[in-house]
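Okay, structure first, notes after.
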Amino acid sequence: MPIQSLNPATGKLLRSFEPLTPEALNAKLAIAASAARTYPAETLDQRIFWMRRLAALLDADREELAATMTTEMGKTLASARAEVSKCAAACRYYAENAARILTPEPIDTESAQSYVRYDPIGIVLAVMPWNFPLWQVFRFVAPALMAGNVGLLKHASNVPQCALAIEALVRRAGFPRGSFQTLLIEARQVESLLSDDRVAAVTVTGSEAAGRAIAAQAGWLIKKTVLELGGSDPFIVLPSADLDEAVPSAIKARCINNGQSCIAAKRFIVHEDIYDEFEQRFVAGMAALRVGDPTLGTTEIGPLATAQILDDLLDQVSRAKAAGGRVLTGGERALDVNGGDEGNYFQPTVIAGVLPTAPICQEEIFGPVALLFRIGSLDEAIELANHTPFGLAASAWTTDTAEQQRLAVELQSGAVFFNAIVASDPRLPFGGVKRSGYGRELSTAGMREFLNAKTVVVAGPAREAQPSLFEQPKSEPRNEKPSEFLQIADHLRKFEHRKGPPPVDEPLEPESAPRDGKDRPPTRGSILGLR
Ligand code: NAP
Numbered sequence: 050m051p052i053q054s055l056n057p058a059t060g061k062l063l064r065s066f067e068p069l070t071p072e073a074l075n076a077k078l079a080i081a082a083s084a085a086r087t088y089p090a091e092t093l094d095q096r097i098f099w100m101r102r103l104a105a106l107l108d109a110d111r112e113e114l115a116a117t118m119t120t121e122m123g124k125t126l127a128s129a130r131a132e133v134s135k136c137a138a139a140c141r142y143y144a145e146n147a148a149r150i151l152t153p154e155p156i157d158t159e160s161a162q163s164y165v166r167y168d169p170i171g172i173v174l175a176v177m178p179w180n181f182p183l184w185q186v187f188r189f190v191a192p193a194l195m196a197g198n199v200g201l202l203k204h205a206s207n208v209p210q211c212a213l214a215i216e217a218l219v220r221r222a223g224f225p226r227g228s229f230q231t232l233l234i235e236a237r238q239v240e241s242l243l244s245d246d247r248v249a250a251v252t253v254t255g256s257e258a259a260g261r262a263i264a265a266q267a268g269w270l271i272k273k274t275v276l277e278l279g280g281s282d283p284f285i286v287l288p289s290a291d292l293d294e295a296v297p298s299a300i301k302a303r304c305i306n307n308g309q310s311c312i313a314a315k316r317f318i319v320h321e322d323i324y325d326e327f328e329q330r331f332v333a334g335m336a337a338l339r340v341g342d343p344t345l346g347t348t349e350i351g352p353l354a355t356a357q358i359l360d361d362l363l364d365q366v367s368r369a370k371a372a373g374g375r376v377l378t379g380g381e382r383a384l385d386v387n388g389g390d391e392g393n394y395f396q397p398t399v400i401a402g403v404l405p406t407a408p409i410c411q412e413e414i415f416g417p418v419a420l421l422f423r424i425g426s427l428d429e430a431i432e433l434a435n436h437t438p439f440g441l442a443a444s445a446w447t448t449d450t451a452e453q454q455r456l457a458v459e460l461q462s463g464a465v466f467f468n469a470i471v472a473s474d475p476r477l478p479f480g481g482v483k484r485s486g487y488g489r490e491l492s493t494a495g496m497r498e499f500l501n502a503k504t505v506v507v508a509g510p511a512r513e514a515q516p517s518l519f520e521q522p523k524s525e526p527r528n529e530k531p532s533e534f535l536q537i538a539d540h541l542r543k544f545e546h547r548k549g550p551p552p553v554d555e556p557l558e559p560e561s562a563p564r565d566g567k568d569r570p571p572t573r574g575s576i577l578g579l580r
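Shown next as structure tokens:
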């Protein structure tokens with residue numbers, strides 16, 4: 050089957066690609082295997098240099114990359130721009146922090162020396178979803194390349210142009226041939242790829258079904274996995290909440306990325322003391338959202354990414370109604386930009402009164418549809434919030450510190466945000482519990498998932514640690530393409546001197562970029578194991 054790029058706003062075919070043949074796939078694997086032998090020998094300074102160039106290229110190509118995302122999967126152009134900037138911020142975060150994360154850690158024992166090294170493990174396969182076509186990949190690729198691993202990307206079949214654009218960016222930044230490759234393959238080709246001995250590990254972001262299938266095989270093969278799967282995050286509003294903040298945040302939390310984010314709030318659990326006011330304001334806000342052409346600056350909700358997602362959503366809404374739900378706004382397909390039904394549009398929807406025990410409450414709803422629940426106590430809020438197979442994140446609105454403490458402890462999720470919507474952030478670990486997956490992305494924890502924490506012990510009487518043991522071979526960063534470098538040098542300079550994160554037009558899932566934005570190259574001392 051050809052891999053097709055379709056515009057979800059119009060249904061038009063943009064481009065079509067033939068999946069790689071087994072022979073072509075094998076050739077790419079051989080290139081990756083060769084890179085896995087040579088790439089880790091590049092100095093950390095060199096890799097940091099390339100990573101900064103990658104960040105600069107993302108900034109330079111922001112408009113083009115954003116347009117590719119919007120036409121392939123329908124996110125608004127404003128959110129696509131923010132996504133590109135966030136990828137650049139993640140590259141800078143890892144360029145800035147790689148030395149700290151990778152530095153061997155001395156451990157006090159009775160031996161002459163004992164320490165932990167963090168070594169790359171080789172080829173890591175990334176199976177990625179379409180919903181944040183760049184961001185999902187960059188939060189894998191930035192730490193992987195920084196650490197000396199080699200990346201292979203199997204992106205979702207509906208975003209092949211984004212997948213190819215990422216590969217081109219990494220090459221233009223200067224990373225060696227084979228250190229990162231996009232594979233245009235179908236899901237069924239992942240099995241043979243993963244079983245190849247040259248592939249060391251796999252990271253999956255996607256549905257529970259994909260995670261289960263890949264992790265089952267990887268488990269049998271004894272290959273490391275990280276799973277970032279679905280979510281049905283609660284948004285809990287308690288009496289002390291400031292509704293002027295909570296209501297617009299609830300709307301944003303549900304509708305970010307046209308409602309297709311793993312950490313979008315999906316179940317709104319509201320205390321009876323403030324329920325009526327919250328419901329009235331939330332429904333009015335959802336009904337007022339502007340649905341339309343994602344390329345227009347005024348549009349707040351674009352189309353769903355595929356016709357299948359639209360069909361699934363219609364089915365879920367009808368089952369929510371059958372389970373006692375009252376549709377307070379929306380509930381129907383919306384017309385497309387031409388007034389027809391070629392695009393995958395859905396009205397922002399609020400449904401109240403669904404029985405919490407109904408099967409629909411156990412599913413992830415991937416689109417702008419909110420389920421609203423009334424509760425009478427904190428105990429009830431926690432019980433309902435945890436009544437899901439998922440455990441990705443939670444947003445809770447209360448200024449009562451005792452309530453915050455209980456929620457932080459008792460909510461079964463990978464993150465809890467108080468009086469804020471859940472956001473991924475390169476500085477903070479990201480991942481879930483229960484059927485939302487395991488392992489972490491981003492921050493120190495994310496980078497170390499695919500590293501060998503190697504224990505080294507040197508027997509003998511305890512002595513002063515010797516920095517030379519940890520030192521990497523040192524060379525000046527190479528610049529193979531001076532003309533291209535000159536082209537991006539202005540961008541690089543601009544961002545190096547700026548204080549704070551790159552500009553963000555609109556929050557991404559939602560946005561929170563690193564604030565430390567200083568892009569200093571690491572000093573020689575900082576790549577030594579001990580100072
Ligand atoms: P999906 O259908 O599971 O697809 C994700 C990726 O897995 C795609 O590349 C897909 O390839 C591949 N895939 C699917 N089934 C496979 C199988 N049996 N073997 C090998 N590969 C397989 O998910 P999606 O619809 O793209 O993404 C939406 C889901 O991702 C939601 O559940 C969302 O919550 C989750 N998500 C989670 C996070 C997180 O960080 N936790 C972040 C974003 C999204 P094809 O496209 O070729 O089928």
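Numbering-wise, the sequence shown is residues 50 to 580 according to the numbering used here.
Cβ atoms here follow ideal geometry from the backbone N, Cα and C, with glycine treated the same way.
Reduced DSSP category for residue i - H, G, I as helix; E, B as strand; rest coil
| i | result |
| --- | --- |
| L353 | coil |
| A250 | strand |
| W446 | strand |
| P550 | Only weak support exists for where P550 lies, its pLDDT of 38 falling under 50; the value from the coordinates is given anyway. Of the three classes helix, strand and coil, the one that applies to P550 here is coil, per DSSP. |
| L62 | strand |
| N307 | helix |
| P559 | Residue confidence is low: P559 scores 42 on pLDDT, short of 50, so the model does not pin down where it sits. Its coordinate-derived value is still stated next. Here P559 sits in coil by DSSP. |
| R316 | strand |
| D293 | helix |
| L213 | helix |
| G392 | coil |
| A457 | helix |
| A538 | Bear in mind that a pLDDT of 39 at A538, under 50, signals an unreliable position, so the model cannot answer this. |
| E545 | With a pLDDT of only 40 at E545, under 50, the local geometry of the prediction cannot be trusted, and no value is derived from it. |
| L55 | strand |
| V403 | coil |
| A90 | helix |
| A25 | Since the first and last residues shown for the chain are 50 and 580, residue 25 lies out of range. |
| L69 | coil |
| P516 | Note that P516 scores 48 on pLDDT, short of 50, meaning its location in the model is unreliable; the coordinates nonetheless yield the value given after this. DSSP places P516 in helix when its eight states are reduced to three. |
| T120 | helix |
| V506 | strand |
| R382 | strand |
Delimiting residues of the alpha helix (DSSP H) encompassing residue i
| i | result |
| --- | --- |
| T158 | Counting along the chain, T158 falls outside any alpha helix (DSSP H), and DSSP gives it neither H nor E. |
| G334 | E321 to A336 |
| T437 | T437 -> no alpha helix (DSSP H), and no H or E assigned at all. |
| F422 | No alpha helix (DSSP H) holds F422; the beta strand (DSSP E) holding it covers V418 to I424. |
| E257 | E257 to L270 |
| V208 | No alpha helix (DSSP H) contains V208, which DSSP labels as neither H nor E. |
| T378 | T378 -> not in any alpha helix (DSSP H); beta strand (DSSP E) instead, spanning R375 to T378. |
| Q238 | From DSSP, Q238 is part of no alpha helix (DSSP H); its letter is neither H nor E. |
| Q185 | W184 to A196 |
Best match in the options for proximity to residue i [C-alpha to C-alpha]
| i | options | result |
| --- | --- | --- |
| E154 | A161, R166, L202 and D390 | R166 |
| K370 | A214, A445, R489 and V403 | V403 |
| I271 | P510, A250, P405 and A372 | A250 |
| P169 | V505, A511, E498 and P510 | E498 |
| G440 | R423, W446, S485 and T448 | S485 |
| N393 | R382, A494 and A175 | R382 |
| M100 | A267, Y88, T447 and G223 | G223 |
| G380 | N387, G389, L359 and G388 | L359 |
| L287 | D428, T504, P51 and A137 | D428 |
| D385 | F415, R339, R368 and R423 | R339 |
| T348 | P397, Y324 and H320 | P397 |
| P405 | P283, A265, W269 and V176 | P283 |
First and last residue of the uninterrupted beta strand (DSSP E) at residue i
| i | result |
| --- | --- |
| P283 | D282 to V286 |
Cross-strand partners of residue i (DSSP beta bridge)
| i | result |
| --- | --- |
| Y143 | According to DSSP, Y143 bridges with nothing at all. |
| T231 | L202 |
| D168 | N501 |
| F479 | E490 |
| K273 | A250 |
| E154 | V165 |
| L174 | L201 and V251 |
| T344 | DSSP, once it has assigned bridges, lists no residue as partnering T344. |
| T125 | According to DSSP, T125 bridges with nothing at all. |
Proximity test, residue i beta-carbon vs ligand 2 heavy atom, cut-off 6 Å
| i | result |
| --- | --- |
| W179 | Ligands in the displayed structure: ligand 1; ligand 2 is not one of them. |
Neighbour flag for residue i against chain C, beta carbons, 7 Å
| i | result |
| --- | --- |
| G380 | No chain C is part of this structure, which consists of one protein chain only. |
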